[in-house]
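So the sequences go chain by chain: Y and D.
Just add 1 to wherever you are in the first sequence, counting from 1, and you've got our numbering.
Just add 1 to wherever you are in the second sequence, counting from 1, and you've got our numbering.
There are 2 protein chains.
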Amino acid sequence: MLTPSEIKARLRDAAAGVERYLAACLADRGIPARLRASMEYSLNAGGKRVRPVLCLTTAGLFGLPAERVMPFAVAIEMIHTYSLIHDDLPAMDDDDLRRGKPSNHKMFDEATAILAGDGLLTDAFDFMAGVGAGVGVNSGDKCRGTGNGNAAIPAANVLAALRVVARAAGAPGMVGGQALDMEYTGRAGVTLDEMAAMHAMKTGALLRASCLSGALLAGADADAQARIADYGAHIGAAFQIVDDILDEVGDEAEIGKPVGSDAEQGKTTYPSLLGIERSRALARERADAAIERLSPYTGPDADFLRSLASYIVDRAS
Amino acid sequence: MLTPSEIKARLRDAAAGVERYLAACLADRGIPARLRASMEYSLNAGGKRVRPVLCLTTAGLFGLPAERVMPFAVAIEMIHTYSLIHDDLPAMDDDDLRRGKPSNHKMFDEATAILAGDGLLTDAFDFMAGVGAGVGVNSGDKCRGTGNGNAAIPAANVLAALRVVARAAGAPGMVGGQALDMEYTGRAGVTLDEMAAMHAMKTGALLRASCLSGALLAGADADAQARIADYGAHIGAAFQIVDDILDEVGDEAEIGKPVGSDAEQGKTTYPSLLGIERSRALARERADAAIERLSPYTGPDADFLRSLASYIVDRAS
Numbered sequence: 002m003l004t005p006s007e008i009k010a011r012l013r014d015a016a017a018g019v020e021r022y023l024a025a026c027l028a029d030r031g032i033p034a035r036l037r038a039s040m041e042y043s044l045n046a047g048g049k050r051v052r053p054v055l056c057l058t059t060a061g062l063f064g065l066p067a068e069r070v071m072p073f074a075v076a077i078e079m080i081h082t083y084s085l086i087h088d089d090l091p092a093m094d095d096d097d098l099r100r101g102k103p104s105n106h107k108m109f110d111e112a113t114a115i116l117a118g119d120g121l122l123t124d125a126f127d128f129m130a131g132v133g134a135g136v137g138v139n140s141g142d143k144c145r146g147t148g149n150g151n152a153a154i155p156a157a158n159v160l161a162a163l164r165v166v167a168r169a170a171g172a173p174g175m176v177g178g179q180a181l182d183m184e185y186t187g188r189a190g191v192t193l194d195e196m197a198a199m200h201a202m203k204t205g206a207l208l209r210a211s212c213l214s215g216a217l218l219a220g221a222d223a224d225a226q227a228r229i230a231d232y233g234a235h236i237g238a239a240f241q242i243v244d245d246i247l248d249e250v251g252d253e254a255e256i257g258k259p260v261g262s263d264a265e266q267g268k269t270t271y272p273s274l275l276g277i278e279r280s281r282a283l284a285r286e287r288a289d290a291a292i293e294r295l296s297p298y299t300g301p302d303a304d305f306l307r308s309l310a311s312y313i314v315d316r317a318s
Numbered sequence: 002m003l004t005p006s007e008i009k010a011r012l013r014d015a016a017a018g019v020e021r022y023l024a025a026c027l028a029d030r031g032i033p034a035r036l037r038a039s040m041e042y043s044l045n046a047g048g049k050r051v052r053p054v055l056c057l058t059t060a061g062l063f064g065l066p067a068e069r070v071m072p073f074a075v076a077i078e079m080i081h082t083y084s085l086i087h088d089d090l091p092a093m094d095d096d097d098l099r100r101g102k103p104s105n106h107k108m109f110d111e112a113t114a115i116l117a118g119d120g121l122l123t124d125a126f127d128f129m130a131g132v133g134a135g136v137g138v139n140s141g142d143k144c145r146g147t148g149n150g151n152a153a154i155p156a157a158n159v160l161a162a163l164r165v166v167a168r169a170a171g172a173p174g175m176v177g178g179q180a181l182d183m184e185y186t187g188r189a190g191v192t193l194d195e196m197a198a199m200h201a202m203k204t205g206a207l208l209r210a211s212c213l214s215g216a217l218l219a220g221a222d223a224d225a226q227a228r229i230a231d232y233g234a235h236i237g238a239a240f241q242i243v244d245d246i247l248d249e250v251g252d253e254a255e256i257g258k259p260v261g262s263d264a265e266q267g268k269t270t271y272p273s274l275l276g277i278e279r280s281r282a283l284a285r286e287r288a289d290a291a292i293e294r295l296s297p298y299t300g301p302d303a304d305f306l307r308s309l310a311s312y313i314v315d316r317a318s
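Structure, rendered in structure tokens:
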């Protein structure tokens with residue numbers, strides 16, 4: 002297992018690779034200037050880049066190098082970014098700030114923020130499809146990374162991975178989870194099962210898909226797919242539980258938002274239903290289950306994934 | 002060439018096939034009830050279904066039967082529907098009515114309308130990818146139509162078609178066109194070239210992609226791809242020019258919206274720059290160019306596509 006500072010360093014390194022690619026990936030696509038500025042503003046606003054790093058790492062675990070997966074991994078970050086832009090809109094969570102900076106609709110305007118989200122979401126699927134073989138149309142731009150046919154990933158693998166991401170991000174997944182979150186907010190009597198199912202859709206599904214898509218791109222077999230999907234689901238749940246705990250007892254300066262905001266907004270949380278100690282134990286259980294599912298694998302990618310599961314539970318922000 | 006009433010009948014028949022599939026396609030996906038109701042409300046609100054019919058017809062022209070293409074074609078209608086929902090939002094065009102019924106955010110609420118659009122857009126890519134071979138994950142639901150591997154379309158074809166649709170719908174296409182449309186509205190001095198480029202992105206790109214994607218799914222060769230893409234671009238332009246003309250001189254009861262609304266909103270239109278007669282001539286030119294590009298093809302699908310090009314110019318609504 003890596004130490005917390007080793008994990009942080011590896012996360013930072015991997016995130017830096019993602020950010021180098023992100024910075025230029027919308028150039029030369031013929032996007033109107035203001036729209037592109039709005040998309041890039043949110044895309045380059047920081048964040049841990051956990052989702053693309055997971056995708057790159059699980060692909061690496063099964064032998065597919067990062068440079069061939071990068072556009073696909075970046076596409077998942079584009080989808081995550083679009084979801085933050087739309088969630089912040091006045092009609093949704095109405096947040097003026099995101100990571101300490103004006104949210105997209107405050108920096109630009111509401112119409113531009115809606116369109117920037119729509120653009121990031123749609124263009125993400127162009128990026129994902131672009132890593133596949135047999136793409137003979139509109140493949141001339143610089144932002145694909147798979148210029149030669151030999152380096153392309155088999156089209157069937159790409160389709161399977163893309164489909165997992167679409168299902169996780171769409172109405173049966175993240176979009177549906179946000180709808181349920183809004184429905185449950187302020188409602189009394191939300192049960193643990195309802196809340197867990199909502200989080201599994203809202204945040205869990207895309208984390209799971211980030212992991213599974215990397216394995217699918219690399220052509221992992223059915224047993225490996227199931228293990229990696231479970232790993233992703235477990236760390237997604239652990240991540241959410243710890244998020245809820247930190248919202249109650251975290252350090253405001255470290256987590257970057259006011260402590261107690263969930264309770265203030267009338268959200269049902271793990272601590273509100275289970276208390277802090279049982280919530281912590283549940284997060285630890287899910288992290289251990291994630292680690293257990295990786296038992297067949299060795300090497301630096303597997304070590305990183307195992308260490309990350311523990312780090313998620315032990316993190317302070 | 003078909004007579005106008007023959008074209009209308011064939012459009013109606015083809016649209017009915019699309020609507021039968023549309024009616025049930027969101028079932029059994031685990032979408033929260035209210036969100037699903039909102040998505041289905043707009044999806045089943047009528048319309049000519051021109052885009053899916055174009056995709057089915059160009060696929061048919063190159064030998065791929067409609068039942069194998071249907072989920073892909075329906076996905077294009079889902080993308081068109083999402084764009085209408087988001088365009089109607091208060092922050093965008095702020096329309097209370099769509100096809101004579103309350104727009105989505107009036108019938109439901111703004112947050113639900115944003116999410117319904119996001120869900121339709123994302124799920125469309127799941128539907129598109131689902132027609133491909135080699136999909137081994139999450140392929141159990143009833144809404145795919147390609148249950149057995151033999152009937153699946155080669156994954157490389159599906160990826161190429163999906164990518165064309167993503168590029169057309171995204172920030173370099175439809176989303177960017179909407180951004181430019183809002184930027185140009187109320188601005189004096191918008192040139193013919195600027196307006197034409199905006200329309201090519203906002204409405205032309207998805208019509209072109211509807212045609213080209215069918216040909217790509219069917220494995221059409223490069224010459225055929227270019228011909229079909231040009232056909233789609235020409236009819237897209239003709240369609241827009243006629244839309245502008247009808248907005249000025251059409252019959253309100255037939256077009257279903259007040260005449261003169263473009264001028265009232267401060268939009269630059271073909272008639273405002275060229276006058277009615279030169280606009281009509283330009284639409285006819287584009288339709289003729291579309292027809293010319295189909296010269297190598299015979300049979301009912303080719304006849305329908307040729308007749309449709311003329312019908313677009315001669316229509317009254």
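Virtual Cβ for every residue (Gly too), placed ideally from N, Cα, C.
Using alpha carbons as the reference points, say which of the options lies closest to residue i.
i: A392 (chain D); options: D:T58, D:T4, D:P5 and D:A34; result: With chain D represented from 2 up to 318, any question about residue 392 (chain D) goes unanswered, as that position is not in the structure.
i: T123 (chain Y); options: D:L85, D:L163, D:G133 and D:G131; result: D:L163
i: R30 (chain Y); options: D:L65, D:A172 and D:P297; result: D:A172
i: D127 (chain D); options: Y:A161, Y:Y185 and Y:E111; result: Y:A161
i: A317 (chain Y); options: Y:D245, Y:R279 and Y:D304; result: Y:D245
i: A157 (chain Y); options: Y:G300, Y:M40, Y:A221 and Y:L90; result: Y:A221
i: M183 (chain D); options: D:H200, D:N105 and D:L274; result: D:H200
i: P66 (chain D); options: D:A153, D:A92 and D:T4; result: D:A153
i: Y298 (chain D); options: D:D94, D:F63, D:A112 and D:A238; result: D:F63
i: E111 (chain Y); options: Y:V191, Y:S6 and Y:P91; result: Y:P91
i: D89 (chain Y); options: Y:R168, Y:T113 and Y:A198; result: Y:T113
i: L27 (chain D); options: D:D14, D:R13 and D:S43; result: D:S43
i: L193 (chain Y); options: Y:G276, Y:R13 and Y:A223; result: Y:G276
i: R188 (chain D); options: D:I77, D:K268, D:D315 and D:G120; result: D:K268
i: R99 (chain D); options: D:R52, D:A219, D:G47 and D:A230; result: D:G47
i: M40 (chain D); options: D:F305, D:A125 and D:L213; result: D:A125
i: T82 (chain D); options: D:R50, D:F109 and D:M108; result: D:R50
My assumption, with CB atoms under 8 Å, is that residue i sits in contact with residue j. Please give the rounded CB distance.
i: Y232 (chain D); j: R285 (chain D); result: Actually they do not touch by this definition, with Cβ atoms about 15 Å apart.
i: V75 (chain D); j: V19 (chain D); result: 6 Å
i: A290 (chain D); j: H235 (chain D); result: 5 Å
i: I115 (chain Y); j: H87 (chain D); result: 6 Å
i: D94 (chain Y); j: P103 (chain Y); result: Contact flag wrong, Cβ pair sits at about 15 Å.
i: Q266 (chain D); j: T186 (chain D); result: 6 Å
i: I77 (chain D); j: P53 (chain D); result: 6 Å
i: M202 (chain D); j: G174 (chain D); result: 5 Å
Please go through the same chain and pick out, in chain order, the residues whose beta-carbon is closer than 8 Å to the beta-carbon of residue i, but skip the five residues on each side of it.
i: A170 (chain Y); result: I80, S84, L122, V176, A206, L207 and A210
i: S262 (chain Y); result: D248
What does residue i touch in chain Y if you count any residue whose Cβ is under 7 Å from its own?
i: I32 (chain D); result: A172, P173 and G177
i: H87 (chain D); result: I115 and D119
i: D182 (chain D); result: Those do not exist, as D182 (chain D) stays about 10 Å from chain Y at its closest Cβ, beyond 7 Å.
Starting from the beta carbon of residue i, find every residue of chain Y whose beta carbon is closer than 9 Å, and list them in chain order.
i: M93 (chain D); result: E111, A112, I115 and L116
i: L193 (chain D); result: Residues of chain Y passing the Cβ test: none, with the nearest at roughly 18 Å.
Might you give, ordered along the chain, the residues of its own chain that have their beta carbon closer than 6 Å to the beta carbon of residue i, omitting 5 neighbours on each side?
i: I292 (chain Y); result: R307 and A310
i: S140 (chain Y); result: Only weak support exists for where S140 (chain Y) lies, its pLDDT of 37 falling under 50; the coordinates are left without a value.
i: G215 (chain D); result: C56, T59 and A60
i: F73 (chain Y); result: M129 and V132
i: Y271 (chain Y); result: I242, D245 and S280
i: Y1 (chain D); result: The structure shown does not extend to residue 1 (chain D), since chain D is modelled only from 2 through 318, so no value can be given for it.
i: D142 (chain D); result: With a pLDDT of 38 at D142 (chain D), under the threshold of 50, the modelled position of this residue cannot be trusted; read the value that follows with caution. Excluding residues within five positions, the ones whose Cβ falls inside 6 Å are D29.
i: L3 (chain Y); result: S308
i: V166 (chain D); result: A210 and S214
i: D14 (chain D); result: none
Residues of chain Y with CB under 8 Å from residue i, in chain order?
i: A216 (chain D); result: Here the premise fails: no neighbours, minimum Cβ distance about 10 Å.
i: G131 (chain D); result: R164
Might you give, ordered along the chain, the residues of its own chain that have their beta carbon closer than 7 Å to the beta carbon of residue i, omitting 5 neighbours on each side?
i: P259 (chain D); result: E253
i: I313 (chain Y); result: I236, A239, F240, V243 and A288
i: G135 (chain D); result: Any reading at G135 (chain D) is ruled out, since the residue's pLDDT is 38, under 50, leaving its predicted position unreliable.
Which chain D residues are close to residue i, counting only those with a beta carbon under 9 Å from its beta carbon?
i: V19 (chain Y); result: Residues of chain D passing the Cβ test: none, with the nearest at roughly 20 Å.
Run through chain D and tell me which residues come within less than 8 Å of residue i, C-beta to C-beta.
i: D222 (chain Y); result: Those within 8 Å of D222 (chain Y) in chain D number zero; the least Cβ separation is about 10 Å.
i: R37 (chain Y); result: A172
Given that residue i touches chain D, what residues does it touch there, using C-beta distances under 7 Å?
i: V159 (chain Y); result: L160
Taking only runs of the alpha helix (DSSP H) that begin and end inside the segment 217-296 of chain Y, which ones reach a length of at least 4 residues, in chain order? 223-250, 253-256, 262-265 and 271-294
Any beta strand (DSSP E) of 3 or more consecutive residues that is wholly inside the segment 42-86 of chain Y: none
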